[in-house]
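Chains as they are written, first to last, in the working numbering: chain A, 429 to 554; chain B, 429 to 554. The structure appears below as structure tokens.
Protein chains: 2
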Amino acid sequence: MRNENVCIREDANPVQISEGRRKITVAATALSQLSSLLSLAGNEVRLKILYLLDEEKELCPCDLSDMLNMTIPAVSQHLRKLKDGGMVTFRRSGQTIFYSLRHEHIKLLRPFFKLIDQTNLNPTPL
Amino acid sequence: MRNENVCIREDANPVQISEGRRKITVAATALSQLSSLLSLAGNEVRLKILYLLDEEKELCPCDLSDMLNMTIPAVSQHLRKLKDGGMVTFRRSGQTIFYSLRHEHIKLLRPFFKLIDQTNLNPTPL
DNA sequence: TCATTATTTAAGCAAATGCTTAAATAATAG
DNA sequence: CTATTATTTAAGCATTTGCTTAAATAATGA
């Protein structure tokens with residue numbers, strides 16, 4: 429990519445550049461993990477699932493599909509991603525599987541849930 | 429989709445189902461806005477940009493491209509998304525354009541930046 | 001054991017995403 | 001005005017995402 433598309437600004441601060449590089453190098457792992465978490469929660473359907481699980485404590489794919497008005501496989505595939513990402517866990521009861529939040533892995537999302545509830549009382553924020 | 433792929437569980441709680449439906453209906457706007465925000469920040473490159481802007485106060489596409497080791501257009505396109513999403517703003521100084529965070533639109537991300545900094549001191553959390 | 005119910009898995013596909021390259025805009029310096 | 005520099009825009013393309021449908025697993029009850 430050199431030369432084309434890379435500007436060497438006359439007044440760029442080389443110290444600032446290498447500082448920036450260092451910072452994201454140091455934070456690389458955290459940034460990668462965080463972006464995974466955020467992109468998981470960044471899907472509207474999955475955010476709804478997380479919100480509903482927070483509200484209802486535990487739910488099965490079947491009930492979620494009714495609440496969200498989606499097919500079961502669609503819901504199931506989202507639940508798998510959430511499970512793989514460590515955000516939810518499940519227990520089996522007969523043929524039904526109840527999913528619930530892994531609160532210790534989700535504490536970062538709490539402010540979001542809180543905001544949603546506020547917003548319900550007091551529309552049009554953000 | 430009826431019948432195939434939709435289960436009417438014998439022991440489903442109809443009240444819970446309609447409660448769930450109501451909750452996401454009421455929270456629809458907030459959920460939609462939040463998921464946009466999260467999916468914006470859920471891209472690793474954009475999260476790095478946000479983090480760098482938080483650390484350095486303001487940066488131009490050129491310097492960001494050096495720090496991130498990416499082409500300028502790639503960076504520019506991410507910046508546009510962040511701008512469209514209301515997360516960053518900019519000022520012009522000659523031919524250089526400096527981007528910075530719109531802190532009031534980003535306060536929800538502050539815990540994440542904080543976590544990144546903690547993590548730098550104290551590896552392998554989440 | 002067999003039929004039914006709940007869930008997952010897998011293949012197929014359309015839409016969205018994010019990069020690349022090349023061509024426009026914009027602003028400055030000579 | 002012209003050349004140069006910083007940035008944006010746009011087209012092309014490969015990858016990812018998220019749904020659908022159909023087929024597999026799993027557990028229960030007759």
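C-beta: ideal position from N, C-alpha, C; glycine also. All values derive from a computational prediction rather than experimental measurement.
Around R474 of chain A, the same chain offers L468, H506, K509, L510 as residues with beta carbons nearer than 8 Å, after the five sequence neighbours per side are excluded. A Cβ-Cβ distance of about 6 Å is found for the pair L487 of chain A and L480 of chain A, placing them in contact under the 8 Å criterion. Using a Cβ-Cβ distance cut-off of 8 Å, the segment 444-463 of chain B and the segment 516-527 of chain A are not in contact, since fewer than three pairs of beta carbons, one from each stretch, lie closer than that value.
Taking 8 Å as the upper bound for CB-CB distance, G513 of chain A and L543 of chain A are not in contact here, some 21 Å apart.
Selection A:N548, A:E484, A:A458, A:V443 evaluated against I445 of chain B yields A:E484 as nearest (Cα-Cα). Counting along the chain, I544 of chain A sits inside the alpha helix (DSSP H) bounded by residues 538-549. The C-beta of A456 of chain A has fewer than 16 other C-beta atoms within 10 Å across all chains shown, which makes the residue exposed. Straight-line measurement puts the Cα of D491 of chain B at about 11 Å from the Cα of V443 of chain A.
Residue environment: L549 of chain A is assigned as exposed (fewer than 16 neighbouring CB atoms within 10 Å of its CB, all protein chains considered).
DSSP places I525 of chain B within a strand segment (E or B) once states are collapsed to three.
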